[in-house]
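Counting along the sequence shown from 1, when you hit position 95 you're at 80 in my numbering, and nothing is skipped either side.
Glycine residues also receive a C-beta, built at the ideal position from the N, C-alpha and C atoms.
Since the model is a prediction, treat every value here as computed from it, not as a measurement.
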Amino acid sequence: MSIITLTTDFGPESIYAAAMKGVILSINPQATIIDITHSIPRHNIAAGAMALDDVADRFPDATIHVAVVDPGVGTSRALIYAEIGRQRFLAPDNGLLSRIAARCGTRRIVRLTRREHWLPEVSNTFHGRDILAPVAARLSLGLDPAELGPPCPDLTRLPERPVRVRPDRIDGEVIAIDSFGNVLTNITADMLAGRPTDARACVVCGIFETWGIFPCYAAQEPGMLVALIDSQRRLELALVGDNAAARLGIHVGMPVTLAWDLID
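So this is what it looks like as structure tokens:
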């Protein structure tokens, strides 16, 4: 079975994803197409990179992941095929694959230059349909990636602001808001190893703070701000039964501090 996933910023109401699916199925009618999401914020490469990192390697080995968050479409930026971990990817080389590549390692990168594998007519504004979709379909039928173009030495990487870890505190930031309005941070469970997670731990974001890191949302009362470790092993802030980001005015890029009262 050939699995092809789609991750885009087209929006759920757009016809563009359907156009890509039509191209894929015209070349390989047996392909299984899975939508990861089409709700990446417009042109938000960092959010797309995070979505791919969170989801892609949950799929069977050698799944083909097509990602289109491409504010530079039509410019000189490259389109690439990459083998990262156990998965295969087609995307613009604009940092979209940098998070999963940093975590899983890159085995192969090829620049897409061989036009015979694209649609006969290529729009300057829709490379997802005219280049990535037909290439994905041909790969799913067994096309050798070496036929796509020349090797590429590395991926474009997104800049990352490092988390500052000290004995009594960790300083990070908000990196995403999920569909529930929960606040996702770049502070990870591994950074908390050996540190108390009870009421000695204080999480501060903006003017808001909460004490203790809890196992789940329902461990606090409705309307309470709760800190927990999410399914991707990141520190998360949530407003129980409500939208924390909207209610509290929290946005991506806001600083988050986890500090400890270490006085017994």
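Check                                                                                                                            : Outcome
Residue environment, residue 121, which counts as buried when at least 16 other CB atoms sit within 10 Å                         : buried
Beta-carbon proximity of residue 198 to residue 169, cut-off 9 Å                                                                 : no
Complete runs of the beta strand (DSSP E) confined to the segment 192 to 216 [at least 3 residues]                               : 193 to 196, 210 to 214
Of the residues 82, 12, 106, 115, the one placed nearest residue 250, counting alpha carbons only                                : There is no way to answer for residue 250, as the model of the chain reaches only from -14 to 249.
Residue 23 in three-state terms, based on DSSP                                                                                   : coil
Unbroken beta strand (DSSP E) run spanning residue 157, endpoints                                                                : 154 to 162
Residue range of the unbroken beta strand (DSSP E) whose run includes residue 172                                                : 168 to 173
Reference residue 231; option with closest CA among 163, 109, 88                                                                 : 163
Per-residue burial, residue 109 [other beta carbons within 10 Å of its own, 16 or more giving buried]                            : exposed
Residue nearest to residue 6 in terms of C-alpha spacing, selected from 118, 106, 78, -1                                         : 118
DSSP-derived helix/strand/coil call for residue 40                                                                               : helix
Chain-order list of residues whose beta-carbon lies under 6 Å from that of residue 70 (same chain, five-residue window excluded) : 42, 89
Distance, residue 2 Cα to residue 234 Cα                                                                                         : 32 Å
Three-state secondary structure assigned by DSSP to residue 252                                                                  : The requested residue 252 does not occur in the structure, where the chain is confined to residues -14 to 249.
Validate contact between the segment 11 to 26 and the segment 122 to 129 using beta carbons, cut 8 Å, 3 pairs                    : yes
DSSP three-state assignment for residue 58, whether helix, strand or coil                                                        : coil
Simplified DSSP assignment, three categories, for residue 235                                                                    : coil
Helix, strand or coil at residue 68 according to DSSP, with G and I counted as helix                                             : strand
N- and C-terminal bounds of the beta strand (DSSP E) containing residue 53                                                       : 49 to 53
Bridge partner(s) assigned by DSSP for residue 75                                                                                : 51, 66
Nearest residue (CA-CA) to residue 161, options 36, 147, 22, 57                                                                  : 36
Assigned secondary structure, residue 9 (DSSP; H/G/I helix, E/B strand, else coil)                                               : helix
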